[in-house]
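Just below is one structure, and these are the notes that go with it.
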Amino acid sequence: MTRSRAQDPNVCGVTAAIAVIDGKWKTSLLWLLESGPHRPAELRRRLPGLSEKVLTQALREMEEDGLVHREVYDVLPPKTVYTLTGFGRDLSEALGPVSDWGHRRLERLRERGAAS
225 MTRSRAQDPN
235 VCGVTAAIAV
245 IDGKWKTSLL
255 WLLESGPHRP
265 AELRRRLPGL
275 SEKVLTQALR
285 EMEEDGLVHR
295 EVYDVLPPKT
305 VYTLTGFGRD
315 LSEALGPVSD
325 WGHRRLERLR
335 ERGAAS
């Protein structure tokens, strides 16, 4: 799905929402940021396999979409902290039932695997 779909007024709301969280890491980043502010290095430590380049790109896109706020402190060494915006918290809350559905699906898959 392309990022332009996130801004296309002619798509359904679900498609527009999924376009904003599309990708391997954005839902995990939302989940981590729900617990409070995080520095980029903290986010990378919590998500093994996430490269600095991909983290930076995902956070920039999430900032563009109004999901996260980036605060840069004028100290040495430079300090950057990311937090969820109110809009990001709204999305996170809306994804709660989707997460519940996903856990139920995984449980069904486990049960099918155990029955085989």
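Numbering follows our numbering, with no gaps: position 8 of the sequence shown is 232. Ideal Cβ positions, reconstructed from N, Cα and C, are used throughout, including at glycine.
Cross-strand partners of residue i (DSSP beta bridge)
i, result
"LEU308", "VAL292"
"LYS303", "TYR297"
Where the alpha helix (DSSP H) through residue i begins and ends
i, result
"GLY237", "237-245"
"TRP255", "250-257"
"PRO264", "264-270"
Residue i classed as buried or exposed, judged by whether at least 16 other C-beta atoms fall within 10 angstroms
i, result
"ASP232", "exposed"
"GLY312", "buried"
"ALA243", "buried"
"VAL292", "buried"
"ASP289", "buried"
"LEU315", "buried"
"LEU333", "exposed"
"LEU300", "exposed"
Next on the checklist: Three Cβ pairs or more, each shorter than 8 Å: is that satisfied between the segment 304-324 and the segment 246-262?
Outcome noted: yes
Item to check | Three or more C-beta pairs below 8 Å linking the segment 241-250 and the segment 263-281 | outcome: yes
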